[in-house]
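Okay, so here's the structure we're looking at.
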Amino acid sequence: PNANHIFNAIHSSMRHCGSSVYPNGMSFYLATVPRGMHFYHGTGTAEPITGLEWLAFEPTHAIGFAHRAERPPSHHHKREQQVLSNEDPPEHGYLHTYSTAKDLRLLYLDGMSGIKGSGGTMDAQDRILFNDSIDGELVSRYKKIGGPVDDQQRAIFGCQMAKTDWGGRVDGFIRTEAGFEIILCNFERDLEVVRIARTKPQTDVQVFGRKSQPPGGDRHMFLSPFDDLAAQRARVDFDHLVTAYTYHLDLFAGGSELPRLSHVPTHQLDSIKRDIHDLIMTREPSLNPFDWQAIADRIVVRYSDKLQALYRTSLSLETLRGQVETILEPFIDYDNIDGEEIVQRCRDEFIPRYGTPTGTLAGDVVHYVSGRICSTLTSVLLQDVDLNRAVENLRDLVSYLAWTTWSGC
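Residue numbers for the sequence shown follow this note's numbering, so the first one is -7 and each next one is one higher.
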């Protein structure tokens, strides 16, 4: 029943815009980052980071966190406007550039899983992974790391789990906020220092003959919602995802537009956590997983504009059927017009004949969604329906698919 939601999760994986349309991620994937990839960390010290900390995929994301270590913390992570005395040095920090020293094995939490708040972005990790244990209390026996206290807890508890429950088979976690980030459990083991550079001052001093803006400037200029560079560096295994959409849970209670887990009894989540454990303990990382997202992309690109145009511009049943026939024409044998054959050829258009995994959730979902599109179009073309019914069927299909391309992505 949730094939559309799983399809959209696959399509939006490691994409900022799609993740922002559906921020409440319900799915967990294994992902691999190859050796030699560059990542970034902004901080107030020039010393290489040891132990647990955050890594940013983009330098413009990390540089916003590069500030002088002695600067007192401010509320909501907004930099306080401070007037420097003549004795005060300009506030600056350091941008660390690291390279992965090995292939990193990570657990990817989809949606906007790095955005803090009560709207549901934290549901999957807090309720499933951490068993409602995030209470905002500082874990005093660990060194201080970046971020608010509750997020420090998530990072610490997650890395504890990776070490003790999963036998070190996970090196960290991928999440999404303003940009993509990695909670990496062991910097000195898994990274090599490429360079450590001092950032420009945060205060009104002259830099290149003009007053300095805060480090990073307007970071959102550089964090493109259409940027697929993150997906190129993190190879997601779509064939072995674990998603709350498959556990017969009431995720849309009370007609909620976005899925929530806040109301689901704890015992109903236990099987999801067990399956995440099994996923991590039994699956080996792959640098070349089958790319179901690429197939989802081709389906969306082919049909997104066409489906909207069909039910918005149809003036007569004859005109509508002519437009549908144009879409389906490559799949019609005019010597033997057979609806089932048309649906099958249409459904399988983008599925490789060889080398395609079978019996996987991602594959089943892509087949189902593609088949539903093709069967709806074929019914408009061949079945005895009037214009209103045909348009309604197309409108229902668009509502069911709810693709992010129709929300500006």
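Note that the Cβ used here is the ideal one computed from N, Cα and C, for glycine as well.
In this text the structure is predicted, and so the values were computed from the model without any measurement.
Item                                                                                                                    : Value
Coarse secondary structure for Ala170, derived from DSSP in three states                                                : coil
Beta-bridge pairing of Lys126 - partner residues as DSSP gives them                                                     : Residue identity differs from the one stated: residue 126 is Ile in this sequence, not Lys. Answer by DSSP bridge pairing: none, since Ile126 is not bridged.
Residue(s) in a DSSP beta bridge with Phe179                                                                            : Paired residues: none, contrary to the question.
With 16 other Cβ atoms within 10 Å as the buried cut-off, status of Leu253                                              : buried
Close beta carbons around Ile272, own chain, < 8 Å, minus the five adjacent residues each side                          : Leu22, Leu99, Trp158, Arg161, Val162
DSSP three-state assignment for Tyr326, whether helix, strand or coil                                                   : coil
His88, enclosing beta strand (DSSP E) - first and last residue                                                          : 86 to 92
Residue burial classification, Pro64 (beta-carbon count within 10 angstroms, cutoff 16)                                 : No answer about Pro64 holds up, because its pLDDT of 40 lies below 50 and its placement is not dependable.
Short Cβ contact (8 Å threshold) for Asp488 with Ala1                                                                   : The structure shown does not extend to residue 488, since the chain is modelled only from -7 through 401, so no value can be given for it.
Straight-line gap, Ile137 to Leu44 (C-alpha atoms, nearest Å)                                                           : 7 Å
Straight-line Cα distance separating Ile175 from Val25                                                                  : 13 Å
Through-space distance from Arg167 to Pro257, alpha-carbon basis                                                        : 25 Å
Asp325 versus Cys338 - alpha carbon distance                                                                            : 12 Å
The region 176 to 193 in contact with the region 293 to 301 per 3-pair CB rule at 8 Å                                   : no
Residue(s) in a DSSP beta bridge with Gly433                                                                            : As shown, the chain starts at -7 and ends at 401. That puts residue 433 outside it, with no answer to give.
Coil, strand or helix - His30 by DSSP                                                                                   : strand
Among Ile120, Ser308, Ile343, the one whose alpha carbon lies nearest that of Arg381                                    : Ser308
Classification of Phe244 by the beta-carbon crowding that lies within 10 angstroms, buried from 16 upward               : exposed
DSSP bridge partner residues for Thr24 (one or two, in chain order)                                                     : Arg97, Arg227
Other residues of its chain near His67: CB distance less than 8 Å, five sequence neighbours each side excluded          : Annotation note: pLDDT 38 at His67 (below 50); position unreliable, no value reported.
Residue interval of the beta strand (DSSP E) (run including Leu47)                                                      : 45 to 48
Terminal residues of the alpha helix (DSSP H) in which Ser391 lies                                                      : 379 to 393
Where Thr396 falls: helix, strand or coil (DSSP)                                                                        : helix
Cβ neighbours of Ser263 in the same chain (closer than 8 Å, five flanking residues each side left out)                  : Tyr239
Beta-carbon proximity check, Val316 vs Leu373, cutoff 8 Å                                                               : yes
Separation of Ala189 from Thr37, as counted between CA atoms                                                            : 10 Å
Residues of its chain near His269, where Cβ-Cβ distance is below 8 Å and the 5 sequence neighbours each way are ignored : Asp157, Trp158
Straight-line Cα distance separating Phe230 from Trp284                                                                 : 6 Å
Contacting residues, own chain, Cβ-Cβ under 8 Å from Arg227 (five flanking each side not counted)                       : Ala23, Thr24, Val25, Pro26, Ser278, Leu279, Asn280, Pro281
CB of Leu302 within 8 Å of CB of Leu379, strictly                                                                       : no
C-beta atoms of Thr92 and Tyr32 nearer than 8 Å                                                                         : no
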